[in-house]
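For the sequence shown, the positions run 1 to 256 when full-length UniProt numbering is used.
Here a beta-carbon is modelled for each residue, glycine too, at the ideal position from N, C-alpha and C.
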Amino acid sequence: MAIHLRQICLVAGDLSSAIDPLCEVFDTPVCYEDPAVAKYGLENALLGMGTQFLEVVAPTQGGTAAGRYLQRRGGDGGYMVICQVPTRQEQVAVRDNATANGVRVAHESDRGNWYLLQLHPGDMGASFLSVEWDDQEDVSGNWEPAGGMAWADRVPDGPVTAITGAELQADDPQALAERWGKVAGLPVVEVAGAPQIALANAALRFVPATDGRGPGLSAVTLTCSDRDGVLKRADRMGLRTGDTQLVICGTRFDLG
Numbered sequence: 001m002a003i004h005l006r007q008i009c010l011v012a013g014d015l016s017s018a019i020d021p022l023c024e025v026f027d028t029p030v031c032y033e034d035p036a037v038a039k040y041g042l043e044n045a046l047l048g049m050g051t052q053f054l055e056v057v058a059p060t061q062g063g064t065a066a067g068r069y070l071q072r073r074g075g076d077g078g079y080m081v082i083c084q085v086p087t088r089q090e091q092v093a094v095r096d097n098a099t100a101n102g103v104r105v106a107h108e109s110d111r112g113n114w115y116l117l118q119l120h121p122g123d124m125g126a127s128f129l130s131v132e133w134d135d136q137e138d139v140s141g142n143w144e145p146a147g148g149m150a151w152a153d154r155v156p157d158g159p160v161t162a163i164t165g166a167e168l169q170a171d172d173p174q175a176l177a178e179r180w181g182k183v184a185g186l187p188v189v190e191v192a193g194a195p196q197i198a199l200a201n202a203a204l205r206f207v208p209a210t211d212g213r214g215p216g217l218s219a220v221t222l223t224c225s226d227r228d229g230v231l232k233r234a235d236r237m238g239l240r241t242g243d244t245q246l247v248i249c250g251t252r253f254d255l256g
């Protein structure tokens, strides 16, 4: 199964309070805003990181799934792991795996050349898992959530070159990893004492929830060409939390 991590989505109570420090620390502008999310009572902004994306969504009205998620986790944080598969057959296989393991489809949409599949965070156990396919079948190029190829001219060569991992936390990380592995159709292995799933271009790591916020998407791993520059800007803004770590939008970023 060739599942590629293409985008990480964070959720914030206020969009500008999250996106402004992200742009500043990672020295990159917003590359896309999707007007289509308005029908879900949301606004969003995307930052390009190589050929992947970091998104922030924020509710603009009451009664949204994003708003409920903010309440459940006690503030801003990780929201979605968004992946792309090169073939429709692989996406169907993930959907079949989800059904076989009692995971509900939260949302799906067939737009002819683009099929969107989002799996319910309550059943996945930490966050939404979205698996998308489009007829371009280019896992480093066309990406419909960023306007197809509209993003390509709007993503400068910044200090972050790739998103290479995500950390998901739960009371029972082994059980969480096994659920994700069954849905993804990928093996769970132990790496540095923690269960992990290797996607085609990134790793999903599963850890105990120790911060009092319960299950969720707790951290993102980034590969940087200028890690020192990122850390200096984070220092200046009071966002650095460790030798190679910082926290923005309730999410830890680990820099490689």
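Rounded straight-line distance, which links the Cα of residue j to that of residue i
i, j, result
"cysteine 23", "glycine 62", "27 Å"
"leucine 70", "leucine 176", "21 Å"
"phenylalanine 53", "proline 187", "25 Å"
"serine 17", "cysteine 9", "15 Å"
"aspartate 254", "methionine 80", "18 Å"
"arginine 244", "glycine 112", "Per the sequence shown, the amino acid found at residue 244 is threonine instead of arginine. Whole-angstrom Cα-Cα distance: 43 Å."
"residue 329", "tyrosine 40", "It is not possible to answer for residue 329, since the shown part of the chain is limited to 1 through 256."
"threonine 87", "aspartate 96", "15 Å"
"leucine 129", "aspartate 228", "32 Å"
"serine 218", "glycine 250", "8 Å"
"glycine 67", "serine 127", "14 Å"
"aspartate 110", "leucine 116", "7 Å"
"valine 11", "proline 35", "17 Å"
"cysteine 83", "arginine 154", "21 Å"
"alanine 38", "valine 131", "21 Å"
"glutamine 91", "arginine 252", "29 Å"
"threonine 241", "glutamate 167", "17 Å"
"glycine 181", "proline 21", "34 Å"
Residue i - partner residues in DSSP beta bridges
i, result
"aspartate 138", "Paired residues: none, contrary to the question."
"threonine 221", "Gly165 and Asp254"
"serine 109", "Leu116"
"glutamine 52", "Met49"
"asparagine 44", "Val57"
"alanine 203", "Gly165 and Ala198"
"proline 208", "Ala170"
"methionine 80", "Cys9 and Phe128"
"isoleucine 19", "For isoleucine 19, which the question treats as bridged, DSSP gives no partner whatsoever."
"valine 247", "Arg252"
Same chain, Cβ closer than 8 Å to residue i, neighbours up to 5 away in sequence not counted
i, result
"asparagine 142", "Asp134, Gln136, Gly148 and Met149"
"glutamine 196", "Ala177, Val188, Val189, Glu190, Ala203, Leu204, Arg205 and Phe206"
"valine 25", "Val230, Arg233, Ala234, Met237, Leu239, Leu246 and Ile248"
"glycine 13", "Ala58, Pro59, Leu70, Gly75 and Asp76"
"alanine 93", "Met1 and Gly185"
"arginine 72", "Gly214"
"alanine 194", "Pro173, Arg205, Phe206 and Val207"
Spatial neighbours of residue i in its chain, beta-carbon cut-off 6 Å, leaving aside the 5 residues before and after
i, result
"proline 208", "Pro173"
"tryptophan 151", "Cys31, Tyr32 and Gly48"
"aspartate 27", "Gly158 and Pro159"
"alanine 98", "Leu119 and Val183"
"leucine 46", "Cys31, Tyr32, Phe53, Glu55 and Ala146"
"glutamate 144", "Trp114 and Asp134"
"histidine 107", "Gln118"
"threonine 51", "Ser140"
"glutamate 199", "As written in the sequence, residue 199 is leucine, which differs from the glutamate given in the question. Excluding positions up to five away in sequence, the list reads Ile3 and Leu5."
"arginine 104", "His120 and Asp123"
"glycine 256", "Thr223"
"alanine 100", "none"
"aspartate 43", "The sequence given here places glutamate at residue 43; aspartate does not occur at that position. Closer than 6 Å at Cβ, skipping near neighbours: Leu15, Ala58 and Thr60."
Neighbourhood of residue i by C-beta distance below 7 Å, restricted to the same chain and skipping five residues each side
i, result
"glycine 125", "Ala170, Leu176, Arg179 and Pro215"
"glycine 102", "Asp123"
"isoleucine 19", "Val30, Ala45 and Val56"
"proline 156", "Thr28"
Could you tell me whether the segment 219-237 touches the segment 148-165, using the rule of 3 or more Cβ pairs below 8 Å?
yes
Jot down the residue ranges of each uninterrupted alpha helix (DSSP H) in the segment 152-196, minimum 4 residues, whole runs only, in chain order.
173-184
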